[in-house]
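A short write-up of the structure that comes next.
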Amino acid sequence: MISTSTAGRVCAVLLAVLALSGCALGQADSDADAGPAANPGRPTVSTPATLTPVGYLQFETGALGAKRSGEFADRTAFNEVIKFTPFSRLQLLVETEPFVISDLGDHNARDPGGVALGMQVVLLPGKGHRPTIAASYFRSVYGGTAPDLDIGSSRNSGILLFSTDLGKFHVDTNYIFNEQIDQAVHRGQFGQTLSISHPLKGRLGFGGEFWHFTQPFLKSNCAGLLLSPTWTVRPNLVLDAGFNRGLTSTSTRWEFFAGFTYLLPKKLKTF
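Residue numbers (our numbering): 1 to 271.
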């Protein structure tokens, strides 16, 4: 069962996210030409191999409430990913979790999460049924002090990404290689994700994902099943909500999330 305090925190954060999405919608509606479509990377663990439109900023904003994990009883957080593609095969990324509220059992804590900088390069553009293949690298520039989810945190991360369309089904799969550090001990972490999405009716879509990561310091594995409907308000604004259910004893038991992806409709003047 989810505690009343957890539910209250999650609802408050989700209301804030909805308010932000309303602001984004107002901006989108004020512009007759929304420009190209957004390319959402949230809410799945998987990241698309395809990039955002060249010259545009994309914001992926959301909140996540988590229940029952190794480092906490409850956890509620904002998260933000900013993407910018200066060239057709290169994308720059910033990932951050600026604010986290945690129930640690004997006390509550308010901490900043981590910040990571990254880049993604398309190795082979997709065509027809041939998948887009890309590679990305992330480096943590600030570890934060908030407790981690089951996946943990990494200093360096490399990802091999594949994306393709099979009829009306869109498929993303990632193969992830992380460096995790506990005090002076460095160990490798390996992960795999498979995400499949499909339009349902009109602007409504639905996606599901299975993901798995090793937990090198626990000598265990975490895995989850994620389900999420999406609503395309405009081509450059997509709302999402859903949940993830942990599948192993060392996985975070429940995660609930909501957010939006917003591509700024104005191209930067230098591009």
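Even for Gly, the Cβ is constructed at its ideal location relative to N, Cα and C.
Please list, in chain order, all residues of the same chain as residue i whose beta carbon is under 7 Å from its beta carbon, the five residues on each side excluded.
{"i": "residue 149", "result": "66, 69 and 252"}
{"i": "residue 182", "result": "217"}
{"i": "residue 210", "result": "194 and 225"}
{"i": "residue 71", "result": "147 and 148"}
Using only the alpha-carbon positions, how far apart do residue i and residue j sit?
{"i": "residue 165", "j": "residue 176", "result": "21 Å"}
{"i": "residue 193", "j": "residue 169", "result": "16 Å"}
{"i": "residue 221", "j": "residue 102", "result": "23 Å"}
{"i": "residue 57", "j": "residue 95", "result": "14 Å"}
{"i": "residue 245", "j": "residue 223", "result": "9 Å"}
{"i": "residue 256", "j": "residue 123", "result": "34 Å"}
{"i": "residue 85", "j": "residue 105", "result": "43 Å"}
{"i": "residue 32", "j": "residue 203", "result": "Low per-residue confidence applies at residue 32: pLDDT is 39, beneath 50, and the placement is therefore not dependable enough to give any value."}
{"i": "residue 267", "j": "residue 35", "result": "8 Å"}
{"i": "residue 50", "j": "residue 243", "result": "24 Å"}
Can you tell which of the options has its C-alpha closest to the C-alpha of residue i?
{"i": "residue 239", "options": "246, 245 and 230", "result": "230"}
{"i": "residue 73", "options": "108, 53 and 171", "result": "108"}
{"i": "residue 228", "options": "268, 200 and 145", "result": "200"}
{"i": "residue 214", "options": "203, 202, 189 and 184", "result": "189"}
{"i": "residue 269", "options": "55, 48, 41 and 49", "result": "55"}
{"i": "residue 167", "options": "50, 128, 153 and 161", "result": "128"}
Under 8 Å, do residue i and residue j count as touching if we go by C-beta distance?
{"i": "residue 159", "j": "residue 135", "result": "yes"}
{"i": "residue 88", "j": "residue 132", "result": "no"}
{"i": "residue 63", "j": "residue 258", "result": "yes"}
{"i": "residue 248", "j": "residue 46", "result": "no"}
{"i": "residue 205", "j": "residue 196", "result": "no"}
To which residues of the same chain is residue i closer than 6 Å at the C-beta, ignoring the five residues directly before and after it?
{"i": "residue 155", "result": "140, 179 and 181"}
{"i": "residue 99", "result": "78"}
{"i": "residue 157", "result": "138 and 178"}
{"i": "residue 187", "result": "180 and 216"}
{"i": "residue 52", "result": "39, 58, 83 and 85"}
{"i": "residue 171", "result": "164 and 196"}
Skipping 5 residues on each side, what residues in its chain have a beta carbon closer than 8 Å to that of residue i?
{"i": "residue 119", "result": "90, 91, 92, 93, 136 and 137"}
{"i": "residue 277", "result": "In the structure displayed, the chain extends from 1 to 271; residue 277 sits before or after that span and is not available."}
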